[in-house]
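In this note's numbering, the protein residues as written are 53 to 263. All C-beta atoms in this analysis are idealised placements derived from N, C-alpha and C, irrespective of residue type, glycine included. Written out below as structure tokens is the structure these notes cover.
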């Protein structure tokens, strides 16, 4: 049996770059497999050699996959906000409309007077966050934890709040026009509602349809 060593460049693997015997190249090559020829019929040895070559190719594929960075993987998946280091950040007054904060860590984040219209905070952890004076029109706050959040003078017109947590929030002067609320949540918010929104001129109790 005679074998020819098959080498591939250390970088930039390409099937078109198979070197011929005796060919020298200044770049580093690494052995990938053996291409063998048998003078006679030796099926057992041939099967073993082919199996070894297949394992070498599989190992190369695993190595190539491991070179994909977490950042690249995130970019491919769309770069969601989960785990973003935004807790306690000062984002006050910024234009953040249509931004995605899907399940993001927003604990204590300052969104005061920010434009968050159309943004998604679905499943975000926004405990102690400051949304005072923020524009949250048509924002997605579903399953968002807003415990101890400050929503004073915020505009939540048309926002989606299904399964959102409103424990101990501040809502003086906030506008909840066209926000669909469960009856128990509506009663909870009405019990603390007061003031008038300085931008829309709508009373908080009126926007919550408090009886």
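Cutoff 8 Å: residue i Cβ touching any chain D Cβ
i, result
"residue 214", "Given the protein chain composition of this structure (a single chain), no chain D is represented."
Nearest residue (CA-CA) to residue i, options the options
i, options, result
"residue 220", "233, 178 and 155", "178"
"residue 152", "159, 183 and 193", "193"
"residue 157", "168, 188, 138 and 171", "138"
"residue 150", "201, 167, 247 and 229", "167"
"residue 253", "241, 196, 229 and 159", "229"
"residue 183", "174, 200 and 164", "164"
"residue 213", "200, 195, 199 and 227", "195"
"residue 243", "262, 144 and 147", "262"
"residue 201", "255, 159 and 247", "159"
Collapsed DSSP secondary structure at residue i in the structure displayed
i, result
"residue 248", "strand"
"residue 202", "strand"
"residue 236", "helix"
"residue 224", "coil"
"residue 152", "strand"
"residue 157", "strand"
"residue 243", "coil"
Within 8 Å, strictly: CB atoms of residue i and residue j
i, j, result
"residue 190", "residue 169", "yes"
"residue 250", "residue 210", "no"
"residue 186", "residue 216", "no"
"residue 222", "residue 208", "no"
"residue 188", "residue 218", "no"
"residue 260", "residue 238", "yes"
Nearest-angstrom Cβ-Cβ length linking residue i and residue j, presumed shorter than 8 Å
i, j, result
"residue 162", "residue 142", "5 Å"
"residue 245", "residue 257", "5 Å"
"residue 140", "residue 154", "Not really, about 19 Å apart at Cβ, beyond 8 Å."
Requested in this report: Mind listing, in chain order, the continuous alpha helix (DSSP H) runs of no fewer than 4 residues lying wholly within the region 161 to 189?
Outcome: none
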